[in-house]
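Here the structure is laid out as structure tokens; the discussion comes afterwards.
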Amino acid sequence: MSLSRPRLYDGRRRGLSASAKTFSEGERGKMISRKRGVAVRAGGVTVVAAGLAPSLLHYSSSTLNAGEGRPSPTVSETFDPIPGEILVRFDDVPDEARLADVAAVLPEFVRWEAYAHPAQSVARGNTPVSTHPLAFRRRLRIDAAADVAAAAARVAAIPGIAWAEPNGRTHTAAVPADPMYAQQYGPQRIGCEAAWDITAGGSAKVVLAVADTGLNFGHQDLQEHFVWTNVDEIADNGADDDGNGYVDDVRGYDFYNDDATLDDIHGHGTHVAGTAAARLANDKGIAGVAGNVTVMPLKVFSDSGGGTWEAIELAVYYAVDNGATLLNYSGGGYSGSAGLAEAVEYAYARGMTIVAAAGNGDTDQPFYPAAYDPVIAVMGTNRRDNRYSSSNYGAWLDVGAPGVDIQATYVPNTDSYGSLTGTSMASPHVAGVVALLYSVRPDLTVDDVTALLRNTALDLGDPGFDELYGYGRVRADEALAATGATPIPCGHLALFKAVCRKGTVKSKVRLADETYAGHAVLIGINGENHRAAFTRGRRWTKAKLSESGYAGEATVTLTTPAGCVEPIVVNCD
633 MSLSRPRLYD GRRRGLSASA KTFSEGERGK MISRKRGVAV RAGGVTVVAA
683 GLAPSLLHYS SSTLNAGEGR PSPTVSETFD PIPGEILVRF DDVPDEARLA
733 DVAAVLPEFV RWEAYAHPAQ SVARGNTPVS THPLAFRRRL RIDAAADVAA
783 AAARVAAIPG IAWAEPNGRT HTAAVPADPM YAQQYGPQRI GCEAAWDITA
833 GGSAKVVLAV ADTGLNFGHQ DLQEHFVWTN VDEIADNGAD DDGNGYVDDV
883 RGYDFYNDDA TLDDIHGHGT HVAGTAAARL ANDKGIAGVA GNVTVMPLKV
933 FSDSGGGTWE AIELAVYYAV DNGATLLNYS GGGYSGSAGL AEAVEYAYAR
983 GMTIVAAAGN GDTDQPFYPA AYDPVIAVMG TNRRDNRYSS SNYGAWLDVG
1033 APGVDIQATY VPNTDSYGSL TGTSMASPHV AGVVALLYSV RPDLTVDDVT
1083 ALLRNTALDL GDPGFDELYG YGRVRADEAL AATGATPIPC GHLALFKAVC
1133 RKGTVKSKVR LADETYAGHA VLIGINGENH RAAFTRGRRW TKAKLSESGY
1183 AGEATVTLTT PAGCVEPIVV NCD
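Residue numbers for the sequence shown follow our numbering, so the first one is 633 and each next one is one higher.
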């Protein structure tokens, strides 16, 4: 059986923008045929997880006048000022009389607002109020309908004022507040922060199947609608309610043990799932590459990390038949399997992308299923974009991703984290990027996705494709940009409202059209952020949130990836 097929690699199919990386006709021909001749091999050998090389495990536009003799701050043509807000810096700490004098020359004046930081700083034994920079500053509120730039220019021209400028929107939603994010070089290295400006972690409608050792379902970083649910199955009744051949498969299935017990004893599957999709900006642990997508856990390995071809074959079919968008498999073997080759072909024909680890044998021997043509084969790199020394190589590679000392979710506790090394860790980085691509462009084909990854990868090693790095290290930001997707503009929100009834805060956001379906926003309640993805309805593209347990006044804040911020205060009593 041959799984080779011509594919599109110039990034222009289905309206895609021109790729960030171009190739000569000779190079493109090489790409099309590079996996031809890789034999489809059959055999009954046991397969092992590809990334079980543990390192230390631990849990854990106009110019404003700025006063004579001072440079004038410049507002760029793309500057997006917030109506009614001007930031003012005085030469000296202003008293009430000074503030009143300035207000008297502004018909649009509403109020002055001081900063609390100087007093807090003193209380902590730091900079005195008299010299703290914020002591010289005030926020000036004016009529929201007024020309904020013109008003700021008038204020800046007043003697004794160092500068005045409109308050502009900044990108606050992209970089997560997860406390261990600084320890993760992977998402940062592959450009996730810029990608999150567009997708904010992806769409919950994208289902990522993780075929591995199971999942630590109680983990704090794998909550908030993380796990896929089979809505046609009734849990724990011992019956196959949906008639798909599997009993009690409410959250997935264990194809190694042929039951619905998916708890992860080994830890590999939890680590892989967290790398790809740990919740984003939840103030806990790490940040997954696609931290808003849904994960379908499929168990294909034993608790010690051994598996069979049959288990992964069944998992591939199950994932396709139950609506998974893509599947990550961080395992494999060198023998190949005709049954797995057919399962891979089945997935390809039905549009499900498979991402797989290249293996850790430091050999050019094809490692399956990664070596099959429709599968995206991922080698491993380190934090300096050098090849992971044990990563397999060959003409069958696609791209690389970080795979050395990767910090992610682990077992056995709800707050367990571990550092693992291997191509098993590289593969879910790429799977996360693929999930982001499908979040903004659900119409992409497997070939489209492969083209986007290859054509936007950072070229490493020899120029163009080489057998050590494939087409280079994946870049999430460049791949997303190549789809033509952009952040939700601040003026694109048609409605934002929030209410509180009996302690439950409910919020709804609507968009003017379907352009940004699949994108997400942050809805914060009293500072605790929740991610909400936009879905298509009959008339609106909307995102909803409902959270219980509140009393008194609650502040609901909407933040979009473009930096738009809008608060609403609701009363829960």
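Glycine residues also receive a C-beta, built at the ideal position from the N, C-alpha and C atoms.
Fully contained in the region 1033–1077 are the following beta strand (DSSP E) runs of length 3 or more, in chain order: 1038–1041 and 1049–1053. Under DSSP, the beta-bridge partners assigned to residue 1132 are 1137. A direct Cα-to-Cα measurement between residue 1078 and residue 1063 gives close to 12 Å. If you compare the alpha carbons of 976, 835, 1142 and 1055 with that of residue 1068, the shortest gap goes to 835.
Put simply, the region 819–833 does not touch the region 856–872. Fewer than three CB pairs are less than 8 Å apart.
In the structure shown, residue 1087 falls within a helical segment according to DSSP collapsed to helix, strand and coil.
Under the 10 Å beta carbon count, residue 977 is surrounded by 16 or more other beta carbons and is classified as buried.
About 6 Å separates the beta carbon of residue 1090 from that of residue 1107, a gap short enough to meet the 8 Å contact definition. Residue range 941–953 is occupied by the alpha helix (DSSP H) that includes residue 953. Beta-bridge analysis with DSSP links residue 741 to 774. Rounded to the nearest whole angstrom, the C-alpha separation of residue 849 and residue 916 is 15 Å. Relative to the Cα of residue 780, the nearest Cα in the group 1114, 1117, 1205 and 719 belongs to 719.
The residue among 825, 938 and 958 with its C-alpha nearest the C-alpha of residue 913 is 825. Distance from the CA of residue 908 to the CA of residue 795, rounded to the nearest whole angstrom, comes to 45 Å. If one requires a minimum length of 3 residues, the beta strand (DSSP E) runs lying completely within the region 949–986 are 958–961, in chain order. With contacts defined as CB atoms closer than 8 Å, residue 721 and residue 768 qualify as a contacting pair. Per the Cβ contact rule, the region 1129–1140 is in contact with the region 1173–1183 (3 or more Cβ pairs under 8 Å).
Listed in chain order, the non-local C-beta contacts of residue 862 below 6 Å within the same chain comprise 881 and 882, local neighbours out to five positions each way being set aside. Closest in C-alpha terms to residue 723, from the list 732, 788, 713 and 716, comes 788.
Look at the beta carbons and you see the region 995–1015 touching the region 963–971: at least three pairs across the two are nearer than 8 Å.
Ranked by Cα distance from residue 1128, the first of 956, 778, 1200 and 937 is 1200. Under the DSSP assignment, residue 1008 falls outside any alpha helix (DSSP H), being part of the beta strand (DSSP E) whose first and last residues are 1008–1013. In this structure, the straight-line span from the alpha carbon of residue 1055 to that of residue 952 is close to 24 Å. In the structure shown, residue 1179 falls within a strand segment according to DSSP collapsed to helix, strand and coil.
The C-beta distance from residue 1021 to residue 1037 rounds to 13 Å, too long to meet the 8 Å contact threshold.
Within the region 1094–1123, the runs of alpha helix (DSSP H) at least 4 residues long that lie entirely inside it are, in chain order, 1108–1114. In the DSSP assignment, residue 819 falls within the unbroken alpha helix (DSSP H) covering 817–821. Under the three-state reduction of DSSP, residue 857 is assigned to coil, being neither helix nor strand.
In the DSSP annotation of this structure, the continuous segment of the alpha helix (DSSP H) that includes residue 733 starts and ends at 728–736. Taking residue 1156 as the centre and dropping the five residues before and after it, the same chain places the C-beta of 1189 closer than 6 Å to its C-beta, in chain order. Around residue 1047, the same chain offers 852 as residues with beta carbons nearer than 6 Å, after the five sequence neighbours per side are excluded. If only complete runs of 3 or more residues are kept, the region 903–947 shows the beta strand (DSSP E) at 926–931, in order along the chain. Distances from the alpha-carbon of residue 1003 to those of 979, 1030 and 994 put 1030 closest. In the structure shown, the three-state DSSP call for residue 901 is helix. Contact check for residue 770 and residue 726: beta-carbon distance about 7 Å, within the 8 Å limit, so the pair qualifies.
Cβ contact annotation for residue 868 (same chain, cutoff 7 Å, sequence separation greater than five): 880, in chain order.
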